[in-house]
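This report refers to the structure that appears directly beneath it.
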Amino acid sequence: MAMGTEAISIKRPVGAGGPPSSGGGHHRVVDYRRVGATIRAFRIKKGWRQLDLALRAGVSRAAVSRLESGNIGGLSVDHLVVIANALDVRAELVLRWRGGELDRLLNSRHSALHEAGSLERGLPTGGASGPIR
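Numbering (the numbering used here), first residue to last: 1031 to 1163.
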């Protein structure tokens, strides 16, 4: 697989510390050790020391060390992104909520904004062409 194309499954074992879950048991947790091991593997593949990566990313060597050891607590998402980018690796953060409910939530807010704008302008709200007669 070419560098930068590997997908990283991010999970953290339940009870492994970090922020408490909101309950429900339907969401995934982050495996920070796997994220760190992946960053370390790409760094080694490039033949870089932790200091080399830190200088290229503009972060401290300690930040790189903490990330690689899976001790991500206290590191910002920005740190993860700039470190990954320095390695030509794309880091993605995906927020998921109850299956497709997030899309419905986001779309309902968007629809409500359009409806409010239509009411302000005195336009019909039954659709693009107004109510069917």
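Think of the CB as a built atom: it goes at the ideal place given N, C-alpha and C, for glycine as much as any other residue.
Query	Result
As assigned by DSSP and simplified to three states, the class of Leu1136	helix
For Arg1091 and Leu1110, the rounded distance between their alpha carbons	13 Å
Length of the line joining the Cα atoms of Gln1080 and Arg1073	8 Å
Span of the alpha helix (DSSP H), counted from its first residue to its last, around Val1065	1062–1075
Beta carbon of Leu1105 nearer than 8 Å to that of Ala1093	yes
Cα-Cα separation between His1056 and Leu1123, rounded to whole angstroms	Bear in mind that the predicted position of His1056 carries a pLDDT of just 46, short of 50, making it unreliable; the figure below should be weighed with that in mind. Whole-angstrom Cα-Cα distance: 18 Å.
Element boundaries [alpha helix (DSSP H), containing Val1111]	1107–1116
Assigned secondary structure, Glu1131 (DSSP; H/G/I helix, E/B strand, else coil)	helix
Neighbourhood of Ile1102 by C-beta distance below 6 Å, restricted to the same chain and skipping five residues each side	Tyr1062
C-alpha gap between Ser1099 and Leu1125, whole angstroms	24 Å
CA nearest to the CA of Asn1115, picked from Gly1077, Val1059, Gly1088, Ala1067	Gly1088
Buried versus exposed, by CB contacts within 10 Å (16 or more), Ser1052	With a pLDDT of 42 at Ser1052, under the threshold of 50, the modelled position of that residue is not reliable, and the figure given next carries that caveat. Exposed, since its Cβ has fewer than 16 Cβ neighbours within 10 Å.
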